[in-house]
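Chains as they are written, first to last, in the numbering used here: chain S, 20 to 241; chain Y, 177 to 224; chain W, 3 to 261. To keep things clear, I will list the structure first and then write my remarks on it.
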Amino acid sequence: MLGGLKAIVARDLRLSMRRRGDVLNHLVFFVIVVTLFPLGVGAEPNLLRAMAPGILWVAALLAAMLSLQRLFAADFADGTLEQMLISAQPLGVIVVGKMIAHWMVSGLPLTLLAPVLGVQFDLPQAALVTLVLSLGIGTPVLSLIGGVGAALTLGVRGGGVLLALLVLPLYVPVLIFGAGAVVEVSSGMSAAPHLSLLGAFLAISCAVAPWATCAALRVAYD
Amino acid sequence: MNWGSLHNFLAMGGYALYVWGSYGVTALCIGVELWSLARRARRAQKGA
Amino acid sequence: MTIDSYRLQGEPGIRGWLLFRFAAPQAFYPLAGRMIPWFGALATLLAAAGLYISFFVAPTDAQQGEAYRIIFIHVAAAWMSMFLYVVMACWAALGLVLNTRLSGMMASAIAPTGAMFTFIALWSGALWGKPTWGTWWVWDARLTSELILLFLYFGFMALTNAIEDSRRADRAGAVLAIVGVINIPIIYFSVQWWNTLHQGASVSLTRAPSMAMTMLTGMLLMALAAWMYSIAVVLARVRSIILERERDAEWVRGLRGVE
Chain S
20 MLGGLKAIVA RDLRLSMRRR GDVLNHLVFF VIVVTLFPLG VGAEPNLLRA MAPGILWVAA
80 LLAAMLSLQR LFAADFADGT LEQMLISAQP LGVIVVGKMI AHWMVSGLPL TLLAPVLGVQ
140 FDLPQAALVT LVLSLGIGTP VLSLIGGVGA ALTLGVRGGG VLLALLVLPL YVPVLIFGAG
200 AVVEVSSGMS AAPHLSLLGA FLAISCAVAP WATCAALRVA YD
Chain Y
177 MNWGSLHNFL AMGGYALYVW GSYGVTALCI GVELWSLARR ARRAQKGA
Chain W
3 MTIDSYRLQG EPGIRGWLLF RFAAPQAFYP LAGRMIPWFG ALATLLAAAG LYISFFVAPT
63 DAQQGEAYRI IFIHVAAAWM SMFLYVVMAC WAALGLVLNT RLSGMMASAI APTGAMFTFI
123 ALWSGALWGK PTWGTWWVWD ARLTSELILL FLYFGFMALT NAIEDSRRAD RAGAVLAIVG
183 VINIPIIYFS VQWWNTLHQG ASVSLTRAPS MAMTMLTGML LMALAAWMYS IAVVLARVRS
243 IILERERDAE WVRGLRGVE
């Protein structure tokens, strides 16, 4: 099973590398959105410092969500997904593999890019570290939950916006505790409870999301 | 609860906008739901 | 993956359960039709009693004046909004597991009513907040959770409407509803935590004034009325859905008379 998982991850990574433009687009989106906020609310440093965790987290959330369509769309279009459904490999393994690859190409770069942008908002160093940690735990959750949404909206008209509508309410707890962790650290307190809750969300998603995604994929093909 | 007069009842102690705004919109929503259900049923039964 | 081995409808002899006899839309249609007037009557009576208590029996509140009377609408609507979502998810799950057409139809029938009650809870909450807390919108934990619940309802309705094949739509909606139901306590807990952090010691909007017995009775009556109303409305809607989806069936053609 582990061999199959590695194979899927390698395959998806290879495919993503061939279409690097797709991958980079949502990173650029992330940077643009983060830049828009100061332009919208004014350049007052204290205000921006206070708002930074929320801005960075919301932008990361939106960027992660934008990249979700890529999870299944290409395989759905050329029939590979159907093959995956009837293959000997358990569908759960394939789905988890795809989600891991997706996170490595979308969530991970966001996590690494965020502290660079955080510097623009004059976040203290401890907060930057927490930002990376919270995004590091949170973005996999976003990929997992988002995977369910992507599978549900496979080939449905109006898919992109519909996906956003389905998935954003489910992202709220991750946002609250992710951004909350950075806020706590900015005011000098420990973010450990927040990060552990994020960890709990990750555990729950790992348990529920693959099942739900498989069910949704089978629904799409019945 | 003795209101004393219809005027007092409608005024709701100065909070008429809020109280009647709530009850009114609720009644409106229920009305719209019932009307749209009736319309849908009529159309479904006719075989549209 | 269809679970045909679980097809229990049409086999009442084995279990003898009326439940499964009425699982076929054709059998459920007239049953629902007979039930609607009863639930409608119950709803009207309970609402009349509840409204009477809320306006003519419950006394004026010392702190909030007459504005607190909104509670009789707000609480009933909030309870129904959450209750209906859970019921909807149950029907959806049932349809997914037992592969019955009717269960999916029931879930789709519930969603609009649930969304309506969520909207009423939000609207009445805002109108309650303005005189008592000074602003139209309060980022109160309950209200914010209600808002997210409204988004969950919209998501369900958007997804099931976007998919043209009704069977696929029902089952996709079912997966979404189940994921949503798991998320609701998590969302509520998160928002409550977020709210206490940011609002500090502010009083929750839904902490009612010291509950006189009359207030409690009024609230319960209105909640029951809302429940009976929901049942009646959902049954009426599911009848339309049955006719729409089964329009090619013999019995539906027969209902409409000679083509």
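Just so you know, even glycine gets a beta-carbon here, dropped at the ideal spot from N, CA and C.
{"query": "Sequence-distant residues of its chain with Cβ nearer than 7 Å to Ser-204/W (five each side left out)", "result": "Confidence at Ser-204/W is low in this model, with a pLDDT of 42, below 50, so the placement of that residue should be treated as unreliable; the coordinate-derived value is given next. Excluding sequence neighbours, Ser-204/W sits near nothing in its chain."}
{"query": "Under the three-state DSSP convention, the category Gly-67/W falls into", "result": "strand"}
{"query": "Members of the region 184-216 of chain Y that neighbour chain W once the beta carbon cut-off is set at 9 Å", "result": "Phe-185, Ala-187, Met-188, Gly-189, Gly-190, Tyr-191, Ala-192, Leu-193, Tyr-194, Val-195, Gly-197, Ser-198, Tyr-199, Val-201, Thr-202, Cys-205, Ile-206, Val-208, Glu-209, Leu-210, Ser-212, Leu-213, Ala-214 and Arg-216"}
{"query": "Sequence-distant residues of the same chain with beta carbon closer than 7 Å to Thr-134/W, five excluded per side", "result": "Gln-66 and Ala-69"}
{"query": "Which listed residue (Met-90/W, Leu-100/W and Ile-122/W) has its alpha carbon closest to that of Gly-175/W", "result": "Met-90/W"}
{"query": "7 Å Cβ cut-off: residues of chain S touching Gly-157/W", "result": "Leu-184, Leu-185 and Pro-188"}
{"query": "Limits of the alpha helix (DSSP H) - the one that Asn-163/W falls within", "result": "143-164"}
{"query": "Option in Ala-164/W, Leu-222/W, Gly-52/W and Glu-148/W with minimal Cα separation from Val-175/S", "result": "Ala-164/W"}
{"query": "Option in Pro-192/S, Gly-168/S and Tyr-190/S with minimal Cα separation from Glu-182/S", "result": "According to the sequence shown, residue 182/S is Leu rather than Glu. If we check each option's Cα against that of Leu-182/S, Gly-168/S comes out closest."}
{"query": "Of the residues Met-84/S, Ile-223/S, Gly-22/S and Asp-141/S, the one placed nearest Val-181/W, counting alpha carbons only", "result": "Ile-223/S"}
{"query": "Cβ contact (3+ pairs, closer than 8 Å) linking the region 124-134 of chain S and the region 24-44 of chain S", "result": "yes"}
{"query": "Neighbour-count burial assignment, Ala-43/W, 16 or more Cβ in a 10 Å radius", "result": "exposed"}
{"query": "Continuous alpha helix (DSSP H) stretch holding Met-208/S: start and end", "result": "From DSSP, Met-208/S is part of no alpha helix (DSSP H); its letter is neither H nor E."}
{"query": "Segment contact, 8 Å Cβ cut-off, at least three pairs: the region 184-195 of chain S with the region 129-141 of chain S", "result": "no"}
{"query": "Beta carbon of Ala-80/W nearer than 9 Å to that of Arg-241/W", "result": "no"}
{"query": "Where Gly-166/S falls: helix, strand or coil (DSSP)", "result": "helix"}
{"query": "Length of the line joining the Cα atoms of Gly-202/W and Gly-23/S", "result": "Its pLDDT being 42, under 50, Gly-202/W is placed unreliably by the model, and nothing is read from it."}
{"query": "Cut-off 7 Å between Cβ atoms - residues of its own chain near Phe-49/S, not counting five sequence neighbours on either side", "result": "Ala-78, Ala-79, Ala-82, Leu-129 and Leu-132"}
{"query": "Per-residue DSSP class, three states only, for Ala-107/S", "result": "coil"}
{"query": "9 Å Cβ cutoff, Phe-95/S in contact with chain W", "result": "no"}
{"query": "Distance CB(Phe-91/S)-CB(Lys-117/S) smaller than 9 Å", "result": "yes"}
{"query": "Contacts of Trp-135/W in chain Y (Cβ-Cβ under 7 Å)", "result": "Here the premise fails: no neighbours, minimum Cβ distance about 12 Å."}
{"query": "Cβ contact (3+ pairs, closer than 8 Å) linking the region 106-120 of chain W and the region 227-240 of chain S", "result": "no"}
{"query": "Rounded separation between Leu-163/S and Ser-86/S - CA only", "result": "12 Å"}
{"query": "N- and C-terminal bounds of the alpha helix (DSSP H) containing Thr-216/W", "result": "215-247"}
{"query": "Proximity of Arg-239/W and Ala-111/W at Cβ, strictly below 9 Å", "result": "yes"}
{"query": "Local conformation of Arg-176/S per DSSP, three classes", "result": "coil"}
{"query": "Coarse secondary structure for Ser-181/Y, derived from DSSP in three states", "result": "coil"}
{"query": "Backbone secondary structure at Tyr-87/W - three-state DSSP", "result": "helix"}
{"query": "Close beta carbons around Arg-247/W, own chain, < 8 Å, minus the five adjacent residues each side", "result": "Pro-27, Arg-103, Met-107 and Ser-168"}
{"query": "Below-9 Å beta-carbon distance, Glu-252/W vs any chain Y residue", "result": "no"}
{"query": "Sub-9 Å separation of Ala-220/Y and Leu-237/W beta-carbons", "result": "no"}
{"query": "Rounded straight-line distance, which links the Cα of Phe-57/W to that of Pro-143/S", "result": "56 Å"}
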